[in-house]
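Numbering (this note's numbering), first residue to last: 919 to 1063. What follows is one structure encoded as structure tokens, with my remarks underneath.
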């Protein structure tokens, strides 16, 4: 009962892509949309447009993580993309509770990297170097535990 009183924090999550868990500092773009189709039905008794569900559209997911000298996972996956071909992988993003159990899960189907952003470099900065990768997918399943 006490678990239902407090909302979940957004900082406790895990990413699994193709069986490998990776850590990152930020994920954005987890959204899905049913695009409406508007049409005029001649037999409709009201003089207005009708709307019905059309194609689904999924957002581009951006993941940001710190750069480590021994980790090139983003670049290795990005290098597999060529004209009309890509190494599509399942990607699972899970929001976790205090016991590290998934409470909400986003499963990205046929995901592949479309863009990599390298960090800005600045001689007088003392922040961690953060890279980001943009992933596109052809489907998303959202599960609530």
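A virtual CB, placed ideally from N, CA and C, is assigned to each residue, including glycine.
Give the range of the alpha helix (DSSP H) segment to which residue i is assigned.
| i | result |
| --- | --- |
| residue 992 | 991-996 |
Grab the span of the beta strand (DSSP E) containing residue i for me, first residue to last.
| i | result |
| --- | --- |
| residue 1007 | 1007-1014 |
| residue 1052 | 1048-1054 |
| residue 956 | 950-957 |
| residue 1059 | 1057-1062 |
| residue 975 | 968-976 |
| residue 1035 | 1020-1035 |
| residue 944 | 944-946 |
| residue 984 | 979-984 |
| residue 932 | 931-935 |
| residue 940 | 938-940 |
When you compare only the Cα positions, how much space is there between residue i and residue j?
| i | j | result |
| --- | --- | --- |
| residue 1007 | residue 1041 | 37 Å |
| residue 976 | residue 925 | 25 Å |
| residue 1021 | residue 1010 | 13 Å |
| residue 1074 | residue 969 | There is no way to answer for residue 1074, as the model of the chain reaches only from 919 to 1063. |
| residue 985 | residue 1012 | 22 Å |
| residue 960 | residue 1026 | 40 Å |
| residue 958 | residue 967 | 5 Å |
| residue 1045 | residue 987 | 16 Å |
| residue 1055 | residue 939 | 18 Å |
| residue 942 | residue 963 | 54 Å |
| residue 991 | residue 1004 | 15 Å |
| residue 1024 | residue 955 | 26 Å |
State buried or exposed for residue i, treating a residue as buried only when at least 16 other CB atoms are found within 10 Å of its CB.
| i | result |
| --- | --- |
| residue 1051 | buried |
| residue 1031 | buried |
| residue 1047 | exposed |
| residue 919 | The predicted position of residue 919 is uncertain, since its pLDDT is 44 and thus under 50; a value taken from the coordinates is nonetheless stated next. Exposed, because fewer than 16 other Cβ atoms sit within 10 Å of the Cβ of residue 919. |
| residue 981 | buried |
Are any of the Cβ atoms in chain C nearer than 8 Å to that of residue i?
| i | result |
| --- | --- |
| residue 1049 | No chain C appears in this structure, which consists of one protein chain only. |
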